[in-house]
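*Asks:* Following our numbering, the numbering of the sequence shown begins with 9 at its first residue and continues without gaps. Note that CB positions come from ideal geometry on N, CA and C, so glycine has one too. Take a look at this one; I'll ask things after.
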Amino acid sequence: KSNLAEGAVVGTDESCISVNQFRAMQKNLAQSSISLKGSGDLLNPIWNDRPPLPDAPVYEHELQYACTDRPSKIEAICSGLDQLGADGQVITALDDLAWTFNLRGNDVECNPVFLAFAYISRKRTVLFINSQKLPALLKAKLQVEGIQIDEYDSLPSFLQKLPSTACILIDPDRTNQSIVKNIPEHCKVIEGLSVPCKLKAIKTEGEIQNIRQAMRKDGVAMIGFLYWLKNILATHPVDEYLVAQKLIEFREIQPDYKGISFFPIVGYKEHGAIVHFHVTAENALPVQKEGFLLFDSGGQYLDGTTDITRTIALSELTDQQKNHFTLVLKGMISLSMAKFPVNTRGYHLDILARNPLWQQNLNYGHGTGHGVGYFLNVHEGPMSIRQEFNEHTIEPGMVLSNEPGMYLTGEYGIRTENMMACVKDENTEFGDFLRFDTLTICPIDTSAIDKNLMTNEEINWLNNYHLWVYEELEPLIDDELRIWLKEITLPI
């Protein structure tokens with residue numbers, strides 16, 4: 009705004025900006041008497057060597073993993089539309105599409121999704137996709153199920169032909185401005201949360217059981233990695249980038265592995281204080297037997313998506329370091345043990361993870377928990393656990409991360425992260441209550457704990473957690489790893 013005069017016009021490619029983003033930008037510019045208009049894609053005519061859109065093949069997420077078939081999911085979406093008084097929905101979020109059609113792809117790094125749009129109503133279901141991405145047998149299977157396949161770029165012309173009686177649901181946070189402009193003015197438009205966004209956030213019992221199996225595989229990978237790290241530091245030079253590569257390698261050998269869910273965040277000493285530090289071969293610090301090493305990583309498996317952070321001590325710690333590590337752990341345990349009534353939102357629970365830090369005038373500058381997809385995006389909505397308001401309640405079947413942290417700029421970072429599932433607890437005279445079941449299966453470094461700061465309840469939780477970790481992983485690892493795992497999961 010500071011570089012434009014009153015009356016100026018700003019152009020934007022409306023296919024790259026959501027409805028709500030367009031409105032917010034329009035309102036902001038209007039305060040300076042500047043208008044915002046859609047200009048289309050101005051780059052394409054001059055970008056001669058522009059890479060083509062990704063064309064990775066799409067494949068089926070088999071029913072043994074997906075747990076619910078396509079017709080049932082489409083019917084659930086139509087039922088949700090009925091409740092909203094809408095005839096159809098334009099589905100634009102790639103993870104919504106992948107979930108709805110039990111399909112996966114490789115068009116976005118780390119996320120098993122594919123470029124497409126869809127329109128779903130009781131009268132018809134249309135998938136707009138580059139048909140070359142669909143193997144012939146899969147395309148035929150979709151068509152037999154009544155799913156119409158149209159080309160990726162044909163959505164605008166389809167929308168322009170909608171009848172005047174149509175009532176269309178669009179999610180203004182997940183739908184670009186260009187799509188809405190192509191809906192005829194004679195159609196009624198309802199704005200609200202994408203129906204499949206909420207449906208996919210609530211995992212079925214079958215999906216939860218599959219996620220538990222993915223967690224066992226991820227736990228085996230993490231134990232192998234931790235044992236490698238313990239031994240390699242005694243004999244060979246290691247840097248952060250090698251640590252990141254090894255986190256990937258130990259997952260790659262697990263069954264049903266399909267890739268990383270994000271590039272590992274590995275932070276030694278001061279790099280650990282950079283919450284989303286991206287390590288490269290060029291910026292990697294050598295890892296020595298001193299201080300903290302933080303590593304945040306995850307995998308994509310046919311039966312689930314994982315996200316885990318551990319911070320380990322590489323030497324004897326200072327009292328301050330142990331204090332900070334233990335406060336973070338106390339917060340993670342507090343949220344893990346939470347019981348709460350139905351209709352509770354994430355911002356109601358956030359203080360449980362922060363309170364131990366707050367009591368010493370400490371804090372962390374990121375959210376406490378995000379939803380996690382099911383062999384989909386590692387960050388999934390609509391729910392979250394953070395200080396900021398989020399209207400969406402935490403409901404049974406939702407899978408979230410639990411990841412408080414503590415960061416001292418220029419010194420070190422600490423984060424301890426498990427994934428957990430919301431489940432029903434008890435019904436009392438005060439209503440229905442919920443709780444969390446921990447899903448992540450990996451030890452926490454007990455050498456970094458100041459036991460004097462922990463309550464008996466917290467100590468019992470940690471000891472029970474470590475007993476469970478050992479019992480879950482012991483049958484899946486060799487004798488050498490089993491002996492070591494027993495040692496590092498002993499009660500404190």
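I'd like to check one pair, Gln97 with Leu177: are the Cβ atoms closer than 7 Å?
*Replies:* Here residue 177 is taken as the residue at index 169 of the sequence shown, counted from 1. Here residue 97 is taken as the residue at index 89 of the sequence shown, counted from 1. Taking 7 Å as the Cβ cut-off, Leu177 and Gln97 qualify as a contacting pair.
*Asks:* Taking DSSP as the reference, what is the three-state secondary structure of Ser4?
*Replies:* Here the chain has residues from 9 to 500 only, and residue 4 is not among them.
*Asks:* If you run the structure through DSSP and keep just helix, strand and coil, what is Gly354?
*Replies:* In the sequence shown, the residue the question calls residue 354 occupies position 346. Note: Gly354 maps to helix in three-state DSSP.
*Asks:* With a floor of 3 residues, list each beta strand (DSSP E) that falls wholly inside the segment 277-325, ordered by position along the chain.
*Replies:* The qualifying runs are 300-305, 307-309 and 316-321.
*Asks:* Spell out a yes or no on whether the segment 80-98 and the segment 126-138 are touching, meaning 3 or more CB-CB pairs, one atom from each, closer than 8 Å.
*Replies:* yes
*Asks:* Keeping to the same chain, check which residues put their C-beta closer than 8 Å to that of Met406; ignore five residues upstream and five downstream.
*Replies:* For the purposes of this step, residue 406 is taken as residue 398 along the sequence shown, with counting starting at 1. Within the same chain, Met406 has close Cβ partners Ala209, Ile210, Lys211, Gly379, Met391, Ala429 and Cys430.
*Asks:* Kindly indicate which three-state DSSP category Ser26 falls into: helix, strand or coil?
*Replies:* Here residue 26 refers to the residue found at position 18 when the sequence shown is read from its first residue. It is a strand residue.
*Asks:* By a C-beta neighbour count over all protein chains shown, 10 Å radius and 16 as the cutoff for buried, is Val17 buried or exposed?
*Replies:* As a working mapping, residue 17 is identified with position 9 in the sequence shown. Val17 comes out exposed.
*Asks:* Considering only the alpha carbon of each residue, which of Glu482, Ile500 and Asp445 lies closest to Ile452?
*Replies:* Here residue 452 refers to the residue found at position 444 of the sequence shown. It is Ile500.
*Asks:* From the DSSP output, in three-state form, read off Gly232 for me.
*Replies:* For the purposes of this step, residue 232 is taken as residue 224 along the sequence shown, with counting starting at 1. Here DSSP, grouped into helix, strand and coil, assigns Gly232 to helix.
*Asks:* Terminal residues of the continuous alpha helix (DSSP H) containing Arg394?
*Replies:* Indexing the sequence shown from 1 puts residue 394 at position 386. Counting along the chain, Arg394 falls outside any alpha helix (DSSP H), and DSSP gives it neither H nor E.
*Asks:* Going by C-alpha to C-alpha distance, which of Thr424, Ser87, Leu489 and Glu488 sits closest to Gly413?
*Replies:* What you label residue 413 is simply residue 405 of the sequence shown in a count that begins at 1. Ranking Thr424, Ser87, Leu489 and Glu488 by Cα distance to Gly413 puts Thr424 first.
*Asks:* Hey, is the segment 301-308 in contact with the segment 270-280, meaning 3+ C-beta pairs nearer than 8 Å?
*Replies:* Touching, yes.
*Asks:* Within the continuous beta strand (DSSP E) that includes Asn410, where are the two ends?
*Replies:* Locating residue 410 in the sequence shown gives position 402, counting from the first residue. Val407 to Asn410 is the extent of the beta strand (DSSP E) around Asn410.
*Asks:* Does the count of Cβ pairs from the segment 446-464 and the segment 310-323 closer than 8 Å reach three?
*Replies:* yes
*Asks:* Using DSSP with H/G/I as helix, E/B as strand and the rest coil, what is His374?
*Replies:* Along the sequence shown, read from residue 1 onward, the residue named residue 374 stands at position 366. His374 falls in the coil class under three-state DSSP.
*Asks:* Start and end of the alpha helix (DSSP H) containing Met340?
*Replies:* The sequence position of residue 340 within the sequence shown is 332, counting from 1. Segment Asp327 to Ser344, the alpha helix (DSSP H) holding Met340.
*Asks:* Beta strand (DSSP E) containing Tyr420: first to last residue?
*Replies:* On the sequence shown, position 412 is the one that residue 420 refers to. Tyr420 to Arg423 is the span of the beta strand (DSSP E), which, as asked, contains Tyr420.
*Asks:* Determine, using beta carbons only, whether Val66 and Phe122 come nearer to each other than 7 Å.
*Replies:* Taking the first residue of the sequence shown as position 1, residue 66 is located at position 58. Taking the first residue of the sequence shown as position 1, residue 122 is located at position 114. Yes, the pair counts as a contact, with Cβ atoms nearer than the cut-off.
*Asks:* Using 10 angstroms around the beta-carbon of Glu215, count the other beta-carbons present and answer buried if the total reaches 16, otherwise exposed.
*Replies:* Locating residue 215 in the sequence shown gives position 207, counting from the first residue. Flag for Glu215 reads buried.
*Asks:* Using the C-alpha atoms, what's the distance from Leu365 back to Arg353?
*Replies:* Numbered from 1 along the sequence shown, position 345 holds the residue referred to as residue 353. Numbered from 1 along the sequence shown, position 357 holds the residue referred to as residue 365. Taking the straight line joining both Cα atoms gives about 21 Å.
*Asks:* Give the single residue among His286, Thr314 and His332 whose Cα lies nearest to the Cα of Gly299.
*Replies:* Against the sequence shown, residue 299 aligns to sequence position 291. Gly299 has its Cα closest to that of His332, out of His286, Thr314 and His332.
*Asks:* Any chance the segment 173-192 sits against the segment 222-231, with 3 or more Cβ pairs inside 8 Å?
*Replies:* In the pairwise beta carbon analysis, the segment 173-192 is classified as not touching the segment 222-231: fewer than three pairs are separated by under 8 Å.
*Asks:* Please name the residue in Ile187, Gly15, Arg130 and Pro60 whose C-alpha comes closest to that of Ser26.
*Replies:* Reading the sequence shown from its first residue, position 18 is the one you call residue 26. The option with the nearest alpha carbon to Ser26 is Ile187.
*Asks:* Using 8 Å for Cβ pairs, my map puts Val251 next to Val295. What's the rounded Cβ distance?
*Replies:* For the purposes of this step, residue 251 is taken as residue 243 along the sequence shown, with counting starting at 1. For the purposes of this step, residue 295 is taken as residue 287 along the sequence shown, with counting starting at 1. At roughly 6 Å, the Cβ-Cβ gap stays under 8 Å, so Val251 and Val295 are in contact.
*Asks:* Identify which residue in Ile485, Leu489, Leu481 and Asp445 has its Cα closest to the Cα of Trp469.
*Replies:* Mapped onto the sequence shown, residue 469 falls at position 461. Relative to the Cα of Trp469, the nearest Cα in the group Ile485, Leu489, Leu481 and Asp445 belongs to Asp445.
*Asks:* As a quick exercise: from Asn471, Gly377 and Pro120, pick the residue whose alpha carbon is nearest that of Ile496.
*Replies:* Numbered from its first residue, the sequence shown carries residue 496 at position 488. Ranking Asn471, Gly377 and Pro120 by Cα distance to Ile496 puts Asn471 first.
*Asks:* Mind checking whether Asn351 and Thr401 have CB atoms under 7 Å apart?
*Replies:* The residue labelled residue 351 in the question sits at position 343 within the sequence shown. The residue labelled residue 401 in the question sits at position 393 within the sequence shown. Their beta carbons are under 7 Å apart, which means Asn351 touches Thr401 by this criterion.
*Asks:* Three or more beta-carbon pairs under 8 Å between the segment 155-175 and the segment 114-121, yes or no?
*Replies:* no
*Asks:* Does the Cβ of Asn291 lie closer than 6 Å to at least one heavy atom of the ligand FAD?
*Replies:* Absence of the ligand FAD from the depicted structure is noted, as is the absence of any ligand whatsoever, leaving it without description.
*Asks:* Ends of the beta strand (DSSP E) at Tyr473?
*Replies:* Position 465 of the sequence shown, counted from the start, is the residue given in the question as residue 473. Careful: Tyr473 lies outside any beta strand (DSSP E), inside the alpha helix (DSSP H) at Asn464 to Leu481.
*Asks:* Exposed or buried, Gln328, counting other C-beta atoms within 10 Å across all chains shown (16 or more means buried)?
*Replies:* Taking the sequence shown and counting its residues from 1, the one referred to as residue 328 is at position 320. That one is exposed.
*Asks:* Taking only three categories from DSSP, how would you classify Thr454?
*Replies:* One-based indexing of the sequence shown puts residue 454 at position 446. Three-state DSSP puts Thr454 in a helix.
*Asks:* Is Ser10 buried or exposed, if buried means 16 or more other CB atoms sit within 10 Å of its CB?
*Replies:* As a working mapping, residue 10 is identified with position 2 in the sequence shown. Classification for Ser10: exposed.
*Asks:* Ser162 by DSSP, collapsed to three states: which one?
*Replies:* To locate residue 162, count along the sequence shown from 1; it is residue 154. Three-state DSSP puts Ser162 in a helix.
*Asks:* Which residues in the same chain have their Cβ closer than 8 Å to the Cβ of Gln151, if we skip the five residues on either side of it in sequence?
*Replies:* Locating residue 151 in the sequence shown gives position 143, counting from the first residue. Taken in chain order, the residues that qualify are Ile157.
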